[in-house]
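Chemist: Residue numbers (the numbering used here), protein chains in the order written: chain A, 60 to 538; chain B, 9 to 100. One structure, as structure tokens, below. Some questions next.
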């Protein structure tokens with residue numbers, strides 16, 4: 060039987076505010092444990108939370124950018140459960156009245172556009188971090204750091220609209236790009252500022268009812284999300300084929316074994332006993348505020364892509380990749396400003412640049428080759444200072460050392476030979492060394508010409524202008 | 009209606025003696041009965057309220073204030089080690 064997976068994703072994104080959501084503690088990452096806490100975020104009796112305006116503004120931005128309706132009335136609720144990373148015994152979240160509802164994100168899968176629904180976006184506070192003892196003496200203990208407790212989060216819940224791990228990956232990349240364009244989240248899965256849980260079920264193809272789902276957690280890269288989904292879909296199909304039933308449960312992705320594992324028994328049927336938080340008054344977002352924020356939205360990936368196609372006459376494929384992150388798009392535009400040949404810039408970025416970055420798992424804004432470097436190199440290529448072939452070497456050298464192309468070309472003596480006298484000298488040597496081939500050519504064997512050109516290039520260590528070599532060699536051979 | 013006092017106690021991580029179960033069970037049952045009475049009112053024309061005061065949108069600006077000194081916060085707990093709160097091992 061053919062099966063179809065049904066996937067929905069819950070994304071938690073940390074908002075880039077300076078202070079926490081309900082108190083003035085700093086949100087700086089990586090500080091000494093428990094140095095960024097206060098009575099509010101550690102839940103001391105009598106302390107009162109006050110909502111960070113900027114956090115609300117950021118959440119509204121996300122809602123607008125994902126085509127959601129911003130609700131006119133939202134309420135913070137207490138989600139009650141006990142876990143040591145949660146000092147109050149409840150997490151402040153939103154339940155019945157989220158901040159935004161009913162939006163979508165458009166993804167492109169194999170050239171086809173598809174809309175993925177956003178069911179809701181709500182605000183909540185992050186929990187602390189647990190470290191577990193690793194030595195025999197400490198193995199019985201866990202160690203709690205509350206620095207992250209109270210950092211503002213949004214939870215973005217997609218509809219059950221994704222039909223493959225690849226679609227899930229695309230959705231996540233697109234969503235992350237939007238958050239980064241908005242400058243409201245760093246979108247770093249490894250550092251945990253962008254986290255994803257997945258709900259997945261399978262059903263016979265053509266069936267309209269959903270199958271029983273499992274929830275996958277603990278995936279901290281895009282790759283892991285896709286791999287965990289692939290594994291889980293196969294596992295569920297296997298269970299069904301064996302005539303057994305899927306158990307609704309939470310499963311953890313184990314990246315060292317590439318499997319998902321049941322959290323067995325840990326899951327006492329959740330009863331969070333949500334109720335409105337009496338310490339926080341409701342949030343009423345008026346039309347004026349929404350409009351003001353809408354006006355402040357930057358150009359988002361979809362629109363930027365359209366503009367790149369129009370303004371720079373780029374193919375859709377190029378535009379899609381160049382706008383996939385804000386950093387890429389900025390790099391491209393800075394480079395085109397210095398070297399106004401968009402397609403050539405695009406080719407180099409999508410070719411050599413991305414290849415090197417991918418190899419080193421670097422982001423474009425950490426690239427040693429800046430737009431100035433690349434534009435400088437392209438200019439030298441254009442005015443004939445270096446050949447296209449040498450440009451590749453210059454690029455690699457720039458990437459390796461971070462030196463400017465002028466310096467590299469100077470130091471390596473890679474300046475292209477345009478001096479006809481010097482080229483003619485090399486031609487003479489090649490002709491003398493290959494009398495047989497020269498004869499063949501003169502008898503009409505056109506094929507050997509390319510070989511002779513190559514020999515001349517070798518003589519000049521690749522620095523001769525290939526066009527000149529061609530011209531001069533032909534002239535010489537005609538004799 | 010039957011109050012599941014054991015479930016409520018379990019969710020709140022409270023150990024109750026048989027006698028306490030009876031006492032609190034009865035008390036909570038009374039509260040729920042009262043709520044049931046309120047539920048009989050026709051509120052179809054009344055907007056739901058979550059708070060007793062008619063105030064909305066109370067904000068603070070996104071400004072960092074100094075945090076509590078670590079020792080002071082740590083000392084509110086029974087056990088600490090190397091800047092962390094120390095708790096029985098819990099792994100979910």
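A virtual CB, placed ideally from N, CA and C, is assigned to each residue, including glycine.
#1: Using 7 Å as the limit for Cβ to Cβ distance, is residue 33 (chain B) near chain A?
#2: With DSSP as the reference, label residue 312 (chain A) as helix, strand or coil.
#3: Measure the CB-CB distance between residue 80 (chain A) and residue 114 (chain A) and report whether it falls below 7 Å.
#4: Chain A beta carbons: is any one of them nearer than 7 Å to that of residue 53 (chain B)?
#5: I'd like to know if residue 335 (chain A) contacts chain B, where contact means its C-beta is closer than 7 Å to some C-beta of that chain.
#6: Which residue from A:405, A:483 and A:146 puts its Cα closest to that of residue 137 (chain A)?
#7: Where does residue 49 (chain B) land, buried or exposed, given buried means 16+ other C-beta within 10 angstroms?
#8: If we ignore side chains and look at the alpha-carbon of each, how far apart do residue 76 (chain A) and residue 85 (chain A) end up?
#9: Helix or strand or just coil, what does DSSP make of residue 52 (chain B)?
#10: So with Cβ pairs under 7 Å, would you call residue 98 (chain B) a contact of chain A?
#11: Nearest-angstrom Cα distance between residue 134 (chain A) and residue 108 (chain A)?
#12: Nearest to residue 312 (chain A) by alpha carbon, out of A:298, A:306 and A:282?
#13: Residue 65 (chain A) by DSSP, collapsed to three states: which one?
#14: Can you have a look at residue 367 (chain A) and say buried or exposed, based on whether 16 or more other CB atoms are within 10 angstroms of its CB?
#15: Taking the beta strand (DSSP E) that residue 159 (chain A) falls in, what are its first and last residues?
#16: Exposed or buried, what is residue 354 (chain A) when buried is set at 16 or more other beta-carbons lying within 10 Å of its beta-carbon?
#17: Just to confirm my understanding: we take residue 477 (chain A), look at its own chain, exclude 5 residues before and 5 after, and list those with CB closer than 8 Å. What are they?
#18: Is there a Cβ of chain B sitting closer than 7 Å to that of residue 111 (chain A), yes or no?
#19: Let me check understanding here. Comparing Cα to Cα, which of A:522, A:231, A:259 and A:341 lies closest to residue 307 (chain A)?
#20: Could you check where the alpha helix (DSSP H) with residue 32 (chain B) kicks off and where it finishes?
#21: Could you list which residues in chain A have their beta carbon closer than 8 Å to that of residue 92 (chain B), in chain order?
#22: Going by beta carbon distance, what residues of the same chain come within less than 7 Å of residue 156 (chain A), once the five residues before and after it are set aside?
#23: Who are the Cβ neighbours of residue 451 (chain A) in its own chain at under 8 Å, not counting the five residues just before and after it?
#24: Kindly indicate if chain A contains any beta-carbon less than 7 Å away from that of residue 24 (chain B).
#25: Below 9 Å on C-beta distance, what does residue 355 (chain A) contact in chain B?
#26: Taking residue 514 (chain A) as part of the alpha helix (DSSP H), name the residues at either end of that continuous run.
#27: Output the boundary residues of the beta strand (DSSP E) element that contains residue 255 (chain A).
#28: Under a Cβ-count criterion, where at least 16 other Cβ atoms within 10 Å of its own Cβ denotes burial, should residue 362 (chain A) be classed as buried or exposed?
#29: Using a beta-carbon distance cut-off of less than 7 Å, what residues from the segment 69 to 81 of chain B approach chain A?
#30: Taking just the CA atoms, how far does residue 276 (chain A) sit from residue 188 (chain A)?
#31: State buried or exposed for residue 181 (chain A), treating a residue as buried only when at least 16 other CB atoms are found within 10 Å of its CB.
#32: Comparing C-alpha positions only, which one of A:272, A:229 and A:144 sits nearest to residue 285 (chain A)?
#33: Using three-state DSSP, classify residue 176 (chain A) as helix, strand or coil.
#34: To the nearest whole angstrom, what separates the beta carbons of residue 475 (chain A) and residue 445 (chain A), a pair I think is in contact under 8 Å?
#35: So which residues on chain B does residue 207 (chain A) lean against when the C-beta distance must stay under 7 Å?
Modeler: Here's the rundown:
#1: Using beta-carbon distances, residue 33 (chain B) does not count as an interface residue toward chain A, since no partner is under 7 Å.
#2: Residue 312 (chain A) falls in the strand class under three-state DSSP.
#3: A distance below 7 Å separates the beta carbons of residue 80 (chain A) and residue 114 (chain A).
#4: no
#5: yes
#6: A:146
#7: exposed
#8: 9 Å
#9: coil
#10: Using beta-carbon distances, residue 98 (chain B) counts as an interface residue toward chain A, with a partner under 7 Å.
#11: 14 Å
#12: Among A:298, A:306 and A:282, the Cα nearest to that of residue 312 (chain A) belongs to A:282.
#13: strand
#14: buried
#15: 159 to 168
#16: exposed
#17: Sequence-distant Cβ neighbours of residue 477 (chain A) in its own chain, meaning closer than 8 Å and more than five residues away, are 443, 524 and 527.
#18: yes
#19: A:259
#20: 26 to 47
#21: 92, 93, 190, 202, 203 and 204
#22: 130, 132, 133 and 134
#23: 411
#24: For residue 24 (chain B), no Cβ of chain A is located within less than 7 Å of the residue's own Cβ.
#25: What residue 355 (chain A) touches in chain B: nothing, since even the nearest Cβ is about 15 Å away.
#26: In the DSSP annotation of this structure, the continuous segment of the alpha helix (DSSP H) that includes residue 514 (chain A) starts and ends at 507 to 518.
#27: 253 to 263 is the extent of the beta strand (DSSP E) around residue 255 (chain A).
#28: exposed
#29: Per Cβ criterion, the list reads 69, 70, 71, 72, 73, 75, 76, 78 and 81.
#30: 16 Å
#31: buried
#32: A:229
#33: Strand, per DSSP.
#34: 5 Å
#35: Residues of chain B passing the Cβ test: none, with the nearest at roughly 13 Å.
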